[in-house]
Structure formats: C-alpha cells, structure tokens
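Report on one structure; see the data block that follows.
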Amino acid sequence: MHYARRFLTLAAALGVLFAGAQPANAVDFKVKGAFDVSFETSNVLPRGVGGRDTFGAIERLRTQIDAVAGENLSGSVLFTVGTGTMNWGSAKDGAALGADGTQNLGVRHAYLDWVLPKTDLKVRMGMQPLLLPGYVTGWSAVYGQYTTGVSLSAPQIKLGDAQVGAAFFWGRPYNDNADLTKYGKNETGYLDNLDVFGLSIPVTAPGLKITPWGMYALMGENSLRGINDNTAQREPSIYAPRGGLMPVLGSGGNYVSTFEKVYRSAHNTWSNGYWGGLTSELNLWAPFNIAAEFSYGAVDMGELQNYTGFGASAAQNKTFELTRRGWYAALRVDYKCSWGTPGVTAWYGSGDDDNPYNGSERLPQFNTAWPVTPLGFGGGFFDLNTWKVLGHNPSGLAGGVVGIKDLSFLQDLTHTIKVGYFQGTNSAQMPRKANMTSYPTRADGPMAYLTTTDHAWDFSVSNTYKLYENFLVNLEAAYVNLHLDSDTWNGVEDSQYRDNWRVSLSFRYMF
184 MHYARRFLTL
194 AAALGVLFAG
204 AQPANAVDFK
214 VKGAFDVSFE
224 TSNVLPRGVG
234 GRDTFGAIER
244 LRTQIDAVAG
254 ENLSGSVLFT
264 VGTGTMNWGS
274 AKDGAALGAD
284 GTQNLGVRHA
294 YLDWVLPKTD
304 LKVRMGMQPL
314 LLPGYVTGWS
324 AVYGQYTTGV
334 SLSAPQIKLG
344 DAQVGAAFFW
354 GRPYNDNADL
364 TKYGKNETGY
374 LDNLDVFGLS
384 IPVTAPGLKI
394 TPWGMYALMG
404 ENSLRGINDN
414 TAQREPSIYA
424 PRGGLMPVLG
434 SGGNYVSTFE
444 KVYRSAHNTW
454 SNGYWGGLTS
464 ELNLWAPFNI
474 AAEFSYGAVD
484 MGELQNYTGF
494 GASAAQNKTF
504 ELTRRGWYAA
514 LRVDYKCSWG
524 TPGVTAWYGS
534 GDDDNPYNGS
544 ERLPQFNTAW
554 PVTPLGFGGG
564 FFDLNTWKVL
574 GHNPSGLAGG
584 VVGIKDLSFL
594 QDLTHTIKVG
604 YFQGTNSAQM
614 PRKANMTSYP
624 TRADGPMAYL
634 TTTDHAWDFS
644 VSNTYKLYEN
654 FLVNLEAAYV
664 NLHLDSDTWN
674 GVEDSQYRDN
684 WRVSLSFRYM
694 F
C-alpha cells in the first residue's frame with residue numbers, strides 16, 4: 184500500500200506539473216508498465232553461495248507515464264520499485280515487515296522528446312536507453328544501457344529501392360563521482376567525466392537491413408573512481424563496466440583495490456576509446472532469417488609503472504599497459520516454421536595473449552546485456568534472477584547456441600529450448616603469468632575468463648503460459664556445466680561451482 188500511495192502521489196504531482204506548464208493546451212497522459220514477481224531456487228550468486236539461501240522471492244514493478252502534448256512534443260518518466268533485486272523480507276531492499284522502505288524506489292528513465300521546428304529531426308534529452316545496433320541478438324555487444332544524454336534521429340532518405348537514415352547520441356555515463364586526495368591536494372570533481380558519442384547509419388532495402396556504426400569515448404583519469412560509493416541501488420551496470428574496459432589486474436585485484444585504496448596514477452590525463460562495427464539482417468529467403476555482425480574496439484587508459492601485481496618486484500621496473508583492444512564476429516540463422524523457430528547463433532571473440540603487461544586483446548565493452556542464454560549470459564524471462572555464470576559479453580569466448588523459440592503445441596503455451604557450448608580464446612598461460620590468485624568473475628562485475636583449456640555447456644528450457652490477455656506465467660530451468668582446467672588455474676578453479684543451476688517461477692502483469 185505504501186508503494187501504491189507513492190505512485191499515485193507521483194502521478195498526481197506530474198499531472199499538476201504538466202498541467203501548469205501547458206495551461207492552454209491539452210496533454211494526453213498515457214500509463215503503461217510491467218509488474219514482475221518471481222520465486223527462484225539456485226546455487227548461483229546471490230543464491231546458495233557462502234551459506235546464503237538457495238531460495239528467494241523477488242519483485243520489480245515498473246510504471247511508465249507519458250505526457251503527450253502532440254506529435255512534436257512529449258515527456259516520459261519510468262518509475263521502478265526494485266531498482267536492483269528487491270528480495271522479500273530484506274530490510275535493505277525495503278521489503279521487510281512493515282514494507283515502508285524507500286531504498287528500492289527509483290527512476291529508470293526520464294526524458295523529453297521533441298521535433299526540431301520545420302524539420303523531421305527527432306530529439307530526445309534526459310535519462311534514456313542508449314543502444315548501439317546489433318541484429319544478431321537484438322542487442323549491442325559493446326554499449327546498451329540507460330544513460331543520461333541526448334539522442335538525435337534523422338528521417339530516412341530514399342535512394343532508389345533503399346532508404347538511408349542517421350542516428351547520433353551523446354551520453355554521460357559517469358561524472359562527479361570521484362572524491363579523492365592526490366598528493367595532499369583535494370581533487371573532487373576533477374577530470375572525472377566519461378562521455379560517449381555514437382553514430383549509426385541504418386540502410387534498409389527490400390529484405391535487407393545493414394547498419395555501420397561507430398562510437399568514441401572520452402574518459403577523464405578519475406572518471407571510474409568513486410563509483411562503488413554510489414551502489415546503494417545494487418545495480419551492477421553502474422560499476423561493472425570497469426571490468427569490461429580494463430585488462431586483467433594481477434593478484435586477484437579489481438579497480439577499487441588497484442586504484443582507490445591507494446592512489447595510483449596511470450600517467451594519462453585523458454583516455455580514449457574507439458569502437459566501430461557493422462551489423463546486418465537478411466530476409467530475402469523466407470522462411471530463413473540471417474543476421475551477421477562484426478565489432479572492433481580499442482581503449483587506452485595509460486600505464487602503471489613499476490607494477491608488481493603480476494609477481495614482478497618493483498626493482499624490475501615492469502610497466503603495465505592499461506590498454507584493451509579486440510574484436511568479435513557473430514552469425515545467426517533462424518528458420519521459421521508453423522510450430523516454432525529453430526535456429527543457431529555462433530560467434531568468435533578475440534582473447535588475451537600470454538603477456539599480461541601489454542594489456543588485453545579482448546573486445547572492450549560497457550557490461551551491456553548479452554541475451555544469448557538465461558543463466559550463462561542473460562536473456563531469461565526475468566533477467567534479475569541471479570548473476571550470470573559466464574558474463575554479459577562475448578569477448579574472450581567462442582561459442583554456439585542451438586535452440587527452438589516460440590515452440591507451441593497448445594494454445595497460449597510457448598516454449599524456448601537452448602543448448603550451448605562455449606570455449607575460451609584467452610591464452611592458457613595467462614592465469615599463471617598474470618598471477619590470478621582468484622577467478623576474475625566478480626572483479627568489478629560479471630566477466631567470465633575462459634582460456635583455451637576451459638569450456639562450458641549450457642542447457643535451458645523456458646515455458647510461458649498466457650493466463651490472461653495481459654498476464655504471463657513462466658517456468659524456467661537452466662543449467663551451466665563449467666569446466667576450468669586444474670593445470671591452468673592451479674586450484675583457483677575450486678572457487679567456482681562446476682554445476683550451476685537455477686529454477687524460477689515468474690509472474691508478469693503488463694498494462
């Protein structure tokens with residue numbers, strides 16, 4: 184009831200605000216959302232590890248309110264109860280006895296849409312989903328997060344049978360988070376912004392979509408500091424990108440232990456990141472649907488001189504390059520039938536060589552969603568269910584997934600079945616040479632690290648029943664068999680479960 188009253192109060196306040204701002208014009212308010220409640224049992228974090236319960240009940244309620252003044256002007260705000268994972272009975276989640284906490288009340292997006300007068304150029308300003316294109320999985324392997332910024336969308340131009348458009352965004356993932364003292368001098372708010380600029384050129388023709396894209400990131404030397412101080416929302420996407428932009432840090436270290444517990448300079452006031460790629464989808468030969476894409480990225484964050492994290496002594500004057508450069512390529516082929524859609528998805532991501540000092544050869548990325556399998560990578564019915572065993576990206580991995588989606592034999596009941604196999608592409612010498620005293624899955628977020636001697640099998644079944652027109656019930660079971668070579672990891676692999684599983688029963692009301 185407390186949450187219901189808060190939403191009603193917020194909705195009423197927004198109504199008064201917009202009504203006051205547009206006294207002479209009618210504003211059309213539209214409300215939509217999704218309410219999710221899920222019961223799960225699992226041995227994957229945060230369940231069943233280190234004495235934790237294997238069973239949990241969680242929820243997330245999202246309500247979006249659009250204030251539409253006309254086709255040229257509107258605003259949207261998305262409220263959420265359960266900004267991370269709202270566990271029933273948890274006081275820190277605002278879900279204990281009395282249910283009067285505010286820790287998990289938040290705003291998912293809040294933006295203004297308008298059209299530049301006398302043009303068809305669409306402008307969106309505020310907190311919004313910013314996403315690079317990706318047709319293989321429906322998501323980008325590099326960047327796809329809710330971000331504050333500005334996006335522009337130009338109308339398509341007709342060129343014969345083809346149409347060409349353009350989309351641009353500027354996003355500011357981080358700014359004003361660092362609060363540090365450098366050599367006795369307070370540098371709060373100094374060189375701590377990280378800005379991304381993206382451009383895509385979608386080209387469509389009969390049976391074909393192809394989109395080249397590029398992105399540039401400008402990163403201040405302090406832009407990744409202080410982020411852990413703001414993780415009360417327990418939203419991994421806030422702090423996990425550090426694990427996707429940095430090379431492997433030695434001795435089981437993460438960004439906080441390496442750069443924040445003791446100040447370290449990377450001798451690079453401003454860092455740069457560059458990405459480029461091409462994604463395409465082909466529908467010329469129905470019922471086949473084919474998608475292919477390629478991405479390359481490079482990030483240079485400077486260097487650490489006299490670095491001892493890999494086992495060398497300071498006297499050896501070893502320099503650790505904070506660079507990450509890599510690529511990935513993927514292919515998806517689906518065949519649509521009357522009873523379902525069988526298909527296969529395969530990819531290859533470049534991996535690290537055997538020299539930890541020269542940085543990483545994996546694709547740098549911002550911990551974007553990678554919806555390939557429910558438990559291995561993400562993409563389950565309710566994606567807040569536990570961590571992911573293998574991570575959120577394809578870097579350092581080669582893999583394939585065979586499955587059938589939308590399989591149906593009874594009315595209103597559909598099934599998705601997937602089987603995947605994944606092999607590491609990182610050098611088997613890296614765990615020893617980089618002095619990996621712990622498996623790096625939890626270093627600043629989900630980042631699986633499989634070498635050429637490691638592999639994983641992934642099995643999942645998802646069953647969804649439409650109980651009412653706007654009400655879905657889902658039963659999902661997933662299992663990942665993770666094999667880490669004992670000779671490669673020398674005992675470190677014992678920190679990970681070989682058999683990882685999750686079973687969940689979820690309910691979703693959409694309106």
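Residue numbers (my numbering): 184 to 694.
Idealized CB from N, CA, C, for every residue including glycine.
- A distance below 6 angstroms between beta-carbons, with the five flanking residues on each side excluded, links Ala-661 to the following residues of its chain, in chain order: Pro-557, Leu-558, Ser-643, Arg-685.
- With respect to the 8 angstroms criterion, Asn-664 and Ala-631 are not classified as neighbours on the basis of their beta carbons.
- Within the DSSP secondary-structure output, Arg-515 pairs in a beta bridge with Ala-474, Thr-528.
- Separation of the CB atoms of Ser-406 and Tyr-357 is rounded to 5 angstroms, and the pair is thereby assigned contact status at 8 angstroms.
- Contact check for Glu-504 and Thr-452: beta-carbon distance about 17 angstroms, past the 8 angstroms limit, so the pair fails to qualify.
- DSSP places Asp-670 inside the alpha helix (DSSP H), whose first and last residues are 669-672.
- Per the C-alpha coordinates, the member of Phe-560, Lys-305, Lys-213 positioned closest to Ala-337 is Lys-305.
- Counting along the chain, Leu-467 sits inside no beta strand (DSSP E), nor does DSSP assign it H or E at all.
- For the options Asp-359, Ala-324, Ser-463, Gly-433, the alpha carbon positioned closest to that of Ala-388 is the one of Ser-463.
- Ala-617 and Phe-493 do touch by the CB rule: their CB atoms are close to 6 angstroms apart, below 8 angstroms.
- Under the DSSP assignment, Arg-243 falls in the beta strand (DSSP E) whose first and last residues are 238-253.
- Annotation for Met-613: the continuous alpha helix (DSSP H) segment containing it runs 613-616.
- Going by DSSP, Gly-559 is part of no beta strand (DSSP E) at all; its letter is neither H nor E.
- Shown here for Phe-605: same chain residues with a beta carbon closer than 6 angstroms to its own, the five before and five after excluded, namely Leu-580, Gly-582, Ala-639 in chain order.
- In the DSSP assignment, Gly-289 forms a beta bridge with Thr-263.
- Ile-384 sits in coil when the DSSP states are folded into three classes, being neither helix nor strand.
- For Arg-307, the enclosing beta strand (DSSP E) stretches over residues 305-314.
- Counting of Cβ neighbours within 10 angstroms places Lys-571 among the buried residues, the total reaching 16 or more.
- Segment contact: the stretch 318-336 against the stretch 544-551, three or more CB-CB distances shorter than 8 angstroms; contact assigned.
- For the pair Arg-291 and Arg-245, the CB atoms are nearer than the 8 angstroms cut-off.
- Trp-353 is bridged by DSSP to Val-333, Phe-380.
- Counting the other Cβ atoms within 10 Å of the Cβ of Gln-594 gives fewer than 16, which makes it exposed.
- Scanning its chain for C-beta atoms nearer than 7 angstroms, with the 5 sequence neighbours on each side dropped, one finds around Gln-612 the residues Asp-537, in chain order.
- Contact annotation: Val-319 and Ala-469 have beta-carbon atoms that are not nearer than 8 angstroms.
- Ranking Arg-235, Thr-502, Gly-321, Asp-296 by CA distance to the CA of Asp-249 puts Asp-296 first.
- Sequence-distant partners of Ile-340 (beyond 5 residues in either direction) whose C-beta falls short of 6 angstroms from its own C-beta, in its chain, are Val-347.
- Rounded to the nearest angstrom, the gap between the Cα atoms of Tyr-399 and Ala-209 is 41 angstroms.
- The bridge partners DSSP lists for Gly-216 are Thr-246.
- The alpha-carbon of Met-429 is positioned some 28 angstroms away from that of Val-584.
- Going by beta carbons, Phe-351 and Leu-377 fall outside the 8 angstroms limit.
- For Val-445, the three-state secondary structure derived from DSSP is coil.
- Residue environment for Glu-254: exposed (fewer than 16 other C-beta atoms within 10 angstroms of its C-beta).
- Taken through DSSP and simplified to helix, strand or coil, Gly-460 comes out as strand.
- Counting the other Cβ atoms within 10 Å of the Cβ of Arg-507 gives 16 or more, which makes it buried.
- Here DSSP, grouped into helix, strand and coil, assigns Val-663 to strand.
- By the beta-carbon neighbour count (other beta carbons within 10 angstroms, threshold 16), Asn-360 is buried.
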